[in-house]
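Protein chains: 2
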Amino acid sequence: MRRSQRPTQQDIARAAGVSTAVVSLVINGRADGKVKISKRTQERVWAAIREHGYMPNLAARQLAGGRTNIIGVFTYEPIFPMEPNNFYQPFLVGIEEQAAVLDYNLLLFTRLSPDGGRHIYHDGVNQLQTTDGAILLGTNEDRAELARLYQDGFPFVFVGRRELDAGPIAYTAAGYADATEHLIRKLLEQGHRRILYVGQPLINESAQDREAGFRRAMASAGIDDLDELIIRCQIHDLGGGFLRGWIERGVTAFAMEHMAAALRILEVSSEEGYGIPEAFSLVALGKADDPTVDHRGIDTFFIPHREMGAQALVLLCRILEDPDADVPRQITIPCTLAAGRTTGPPPGSRVARKEVR
Amino acid sequence: MRRSQRPTQQDIARAAGVSTAVVSLVINGRADGKVKISKRTQERVWAAIREHGYMPNLAARQLAGGRTNIIGVFTYEPIFPMEPNNFYQPFLVGIEEQAAVLDYNLLLFTRLSPDGGRHIYHDGVNQLQTTDGAILLGTNEDRAELARLYQDGFPFVFVGRRELDAGPIAYTAAGYADATEHLIRKLLEQGHRRILYVGQPLINESAQDREAGFRRAMASAGIDDLDELIIRCQIHDLGGGFLRGWIERGVTAFAMEHMAAALRILEVSSEEGYGIPEAFSLVALGKADDPTVDHRGIDTFFIPHREMGAQALVLLCRILEDPDADVPRQITIPCTLAAGRTTGPPPGSRVARKEVR
DNA sequence: CTGAAAGCGCTTACAG
DNA sequence: CTGAAAGCGCTTACAG
Numbered sequence: 072m073r074r075s076q077r078p079t080q081q082d083i084a085r086a087a088g089v090s091t092a093v094v095s096l097v098i099n100g101r102a103d104g105k106v107k108i109s110k111r112t113q114e115r116v117w118a119a120i121r122e123h124g125y126m127p128n129l130a131a132r133q134l135a136g137g138r139t140n141i142i143g144v145f146t147y148e149p150i151f152p153m154e155p156n157n158f159y160q161p162f163l164v165g166i167e168e169q170a171a172v173l174d175y176n177l178l179l180f181t182r183l184s185p186d187g188g189r190h191i192y193h194d195g196v197n198q199l200q201t202t203d204g205a206i207l208l209g210t211n212e213d214r215a216e217l218a219r220l221y222q223d224g225f226p227f228v229f230v231g232r233r234e235l236d237a238g239p240i241a242y243t244a245a246g247y248a249d250a251t252e253h254l255i256r257k258l259l260e261q262g263h264r265r266i267l268y269v270g271q272p273l274i275n276e277s278a279q280d281r282e283a284g285f286r287r288a289m290a291s292a293g294i295d296d297l298d299e300l301i302i303r304c305q306i307h308d309l310g311g312g313f314l315r316g317w318i319e320r321g322v323t324a325f326a327m328e329h330m331a332a333a334l335r336i337l338e339v340s341s342e343e344g345y346g347i348p349e350a351f352s353l354v355a356l357g358k359a360d361d362p363t364v365d366h367r368g369i370d371t372f373f374i375p376h377r378e379m380g381a382q383a384l385v386l387l388c389r390i391l392e393d394p395d396a397d398v399p400r401q402i403t404i405p406c407t408l409a410a411g412r413t414t415g416p417p418p419g420s421r422v423a424r425k426e427v428r
Numbered sequence: 072m073r074r075s076q077r078p079t080q081q082d083i084a085r086a087a088g089v090s091t092a093v094v095s096l097v098i099n100g101r102a103d104g105k106v107k108i109s110k111r112t113q114e115r116v117w118a119a120i121r122e123h124g125y126m127p128n129l130a131a132r133q134l135a136g137g138r139t140n141i142i143g144v145f146t147y148e149p150i151f152p153m154e155p156n157n158f159y160q161p162f163l164v165g166i167e168e169q170a171a172v173l174d175y176n177l178l179l180f181t182r183l184s185p186d187g188g189r190h191i192y193h194d195g196v197n198q199l200q201t202t203d204g205a206i207l208l209g210t211n212e213d214r215a216e217l218a219r220l221y222q223d224g225f226p227f228v229f230v231g232r233r234e235l236d237a238g239p240i241a242y243t244a245a246g247y248a249d250a251t252e253h254l255i256r257k258l259l260e261q262g263h264r265r266i267l268y269v270g271q272p273l274i275n276e277s278a279q280d281r282e283a284g285f286r287r288a289m290a291s292a293g294i295d296d297l298d299e300l301i302i303r304c305q306i307h308d309l310g311g312g313f314l315r316g317w318i319e320r321g322v323t324a325f326a327m328e329h330m331a332a333a334l335r336i337l338e339v340s341s342e343e344g345y346g347i348p349e350a351f352s353l354v355a356l357g358k359a360d361d362p363t364v365d366h367r368g369i370d371t372f373f374i375p376h377r378e379m380g381a382q383a384l385v386l387l388c389r390i391l392e393d394p395d396a397d398v399p400r401q402i403t404i405p406c407t408l409a410a411g412r413t414t415g416p417p418p419g420s421r422v423a424r425k426e427v428r
């Protein structure tokens, strides 16, 4: 019903006394390149458009081969979750800001697939098809689906590093490896040798990156046998026994893959009467780039969530402009260090230094 | 390029030895109603689809079919602002949840208008037209624009009561008036007579509603001359002098239009050495429906932001289903009271009661 | 039951 | 410079 009321390109063409081709060319700004259309005609077309309140039909435009100026945003978790300070917020801030700059609207895929979950393909149909391209994010991603999307040749950028067997998908990632290496080197310089890397059981790319940074730093100090110094466990395993056990075995610093685990150690250490950094040093391998979330003085680095979102959009637009362009499609954004108060020389060394004096 | 590689409905029709119409009917499950298609034919079609890995082109489907299953979301401020606990969040949570249930995707209008601001009409063209209908929200709305949208007959629902000269637009609002009346009646029942209503200078619909609730409550107690008891000022005007002045003039309770102002009073009262509710009672006329935002024990009510968002989508869908349906388009959602510790009998009354004993 | 055909609203060669 | 026309891939009356 509404559709019939809505003016079409034909109406505009008729009103302006030209053909639809001219209207199309004028609208899309192709009136300067190969095809010349008189300024007066262009003015008439724009006037008719304004007068009729004409807006192109996106479906038709896309079907005919044009662009939609719409970028899809697909997340494997709700986009607007109930929790405050949610994980997605900073990514989306970056995406939105950049979309406004680059003149795109964002289509949020909120529809559930028939099975009630969140999937890109519904009954084998790529839901993102209505957009020029999409930004994907989420920690619960379906890799088979991503692989298919890649093979289908649909333009998309993942926020976060993801390596698929299907091939090198485009992504923007945080420079976990370098930041981790930097942080661990600091510990090494302070004299620590037995630094324990405490990860979570799930080993995704960002965990791999941090572990790689850890290994590089340790290797630079000649410590290569790390089998004993890299462990993976759940947060609730991090109790007093855990702490005491490792300290007794000579560990002087803990590198926690996740901030939540580091906060847990902070808590346990105060329960157990350990002073930080007197009894041991503590670093967390990353923290949300959100000033309102406190990291309680733990030495760590900021993950540039917002910039990852913004750069994902920039990268996607570059790909859309020229799908075959030979530009880097895997972008890593450096993390910035966030100095804290939880690192210092290992327990022994301070005494040693005192004796020297 | 990608497009040409993908099989179309024609390819499937050819492979299955039928027409595209049959393929379409089979795919869309219309093969059982009016039109009968033999089981064997259906099987052949599905087999061909599987074999070719066919998936329908959404743009073509939309163009031929009409609906887009896309609802626009337009806000007069950024949707993903930098601030945590932002104002829009709960509305959007409700909208997203409901969109998932009702099987709609959401198109966020992030594109800036040529003047750099946020407007529905760009160069006189309604940007929302690409959607089936839209949800609008924001405190900075452009009423002239809304009037035009209404006159254009575009289906939309505003989140928050808005009354335009142009006519009755659809909205979902919070029941400020009733909640305010309820809260003020409680104060009256406790013996307060001189209750000061402290509003902000901007009088929009929600301010009007609260003031109306205040007047109703006061009138029910026979207090009709309220000229002296309703004031409007900025938060920074609420200092110690303000408080002392009104208390000296016999005010025993303060009804603050906004929570921020109430929190300010709380602060000032402790600076000035006033005990609450011993020296005076304090209520705030509404608080975000967000459990993480503390209201410091102030008596108030919860504004159902999330439900307002959800119901806006429900209302919009009802309008889309039947644009001429005779359903109520102005929906008010009740607020729930949030009992606090800042109200009690007025200073005099307690003494008075004691004397009676 | 099934096929031929119109049409959704646009873009883009292709002629003038 | 401008117009007539094909075609994007689908859905849906409308004939058989």
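Those protein sequence lines, which keep their order, are chains R and D. The numbering used here puts the first residue of the first sequence at 72, with every later residue one more than the last. The numbering used here puts the first residue of the second sequence at 72, with every later residue one more than the last. Each residue gets a CB set at the ideal place from its N, CA and C atoms; glycine is no exception. Just so we're clear, the structure is a prediction, and the values are computed from it rather than from any experiment.
Asked	Found
Does R/Arg286 pass the burial test, meaning 16 or more other C-beta atoms within 10 Å, or should it be called exposed?	buried
Please classify R/Gly118: is it buried, with 16 or more other beta-carbons within 10 angstroms of its beta-carbon, or exposed?	Per the sequence presented here, residue 118 of chain R reads as Ala, with Gly not at that position. R/Ala118 comes out exposed.
Are D/Leu179 and R/Glu168 touching if we call contact CB-CB under 9 Å?	no
Do you know how far the Cα of R/Ile274 is from the Cα of D/Asp397?	56 Å
Taking three-plus beta-carbon pairs below 8 Å as touching, is the stretch 255-271 of chain R in contact with the stretch 213-224 of chain R?	no
Going by DSSP, which residues form a beta bridge with R/His193?	R/Val196
Mind pulling the beta strand (DSSP E) runs of 3 or more residues that sit fully within the stretch 316-383 of chain D?	324-327, 352-355, 371-374
Which residues does DSSP list as the beta-bridge partners of R/Gln401?	R/Tyr242
What span of residues does the alpha helix (DSSP H) with D/Asp293 cover, start to end?	Checking the sequence, you will find Gly at residue 293 of chain D rather than Asp. Careful: D/Gly293 lies outside any alpha helix (DSSP H) and carries neither H nor E.
May I ask you to report which of helix, strand or coil DSSP gives R/Leu300?	helix
Please list the terminal residues of the continuous beta strand (DSSP E) segment that includes R/Ile142.	141-146
Is the distance from the Cβ of R/Leu129 to the Cβ of D/Thr139 below 9 Å?	yes
Any idea what DSSP makes of R/Tyr268, helix, strand or coil?	strand
Using the three-state DSSP reduction, which class does R/Val89 fall into: helix, strand or coil?	coil
Is any non-hydrogen atom of the ligand FAD found closer than 8 Å to the C-beta of R/Thr146, if you look at the structure I gave you?	With respect to the ligand FAD, the structure offers nothing, as it holds no ligand at all.
Over the uninterrupted alpha helix (DSSP H) stretch that includes R/Thr407, give me the two end residues.	Unbroken run through R/Thr407 is the beta strand (DSSP E), 407-409; no alpha helix (DSSP H).
Name the residue from R/Gln198, R/Leu177, R/Tyr175 whose alpha carbon lies nearest to the alpha carbon of R/Pro185.	R/Gln198
How would you write the range of the beta strand (DSSP E) that D/Gly165 sits in, first residue to last?	Note, D/Gly165: premise wrong, no beta strand (DSSP E); alpha helix (DSSP H) at 160-173.
Using CA coordinates, which residue listed in D/Tyr268, D/Gly231, D/Val196, D/Ile347 is at the minimum distance from D/Gly368?	D/Ile347
State yes or no: is the C-beta of R/Gly165 within less than 9 Å of the C-beta of R/Glu392?	no
Mind pulling the chain R residues with CB within less than 8 Å of D/Arg182?	Asn140, Ala170, Ala171, Asp174, Tyr175, Asn176
Determine, using beta carbons only, whether D/Pro239 comes closer than 9 Å to chain R.	no
With DSSP collapsed to three states, give me the class of R/Val230.	strand
Given a cut-off of 9 Å, decide if R/Leu356 and R/Ile302 are closer than it, judged by their beta-carbon atoms.	no
Looking at chain D, which residues of the stretch 242-256 of chain R have a Cβ within less than 7 Å of any of its Cβ atoms?	none
Pick out whichever of R/Ala250, R/Glu349, R/Val97 has its Cα sitting closest to the Cα of R/Pro417.	R/Glu349
D/Ile255 by DSSP, collapsed to three states: which one?	helix
Is R/Glu216 closer than 9 Å to R/Tyr192 when the C-beta atoms are compared?	yes
Give a yes or no on contact between the stretch 224-243 of chain D and the stretch 201-213 of chain D, applying the rule of three or more CB pairs nearer than 8 Å.	yes
Checking contacts by CB at 9 Å: is D/Ala82 closer than that to chain R?	According to the sequence displayed, residue 82 of chain D carries Asp and not Ala. False, the Cβ-Cβ gap to chain R never drops below 9 Å.
Roughly how many angstroms lie between the CA atoms of D/Thr414 and R/Thr201, to the nearest whole one?	56 Å
At the level of alpha carbons, what is the spacing between R/Met330 and R/Asp308?	15 Å
Quick check: what's the CA-CA separation for D/Arg264 versus D/Ile141?	52 Å
According to DSSP, simplified to helix, strand and coil, what is D/Gly209?	coil
Are any of the Cβ atoms in chain R nearer than 9 Å to that of D/Pro152?	yes
Using CA atoms only, rank isn't needed, just tell me which of D/Gln80, D/Val97, D/Gly143 is closest to D/Phe227.	D/Gly143
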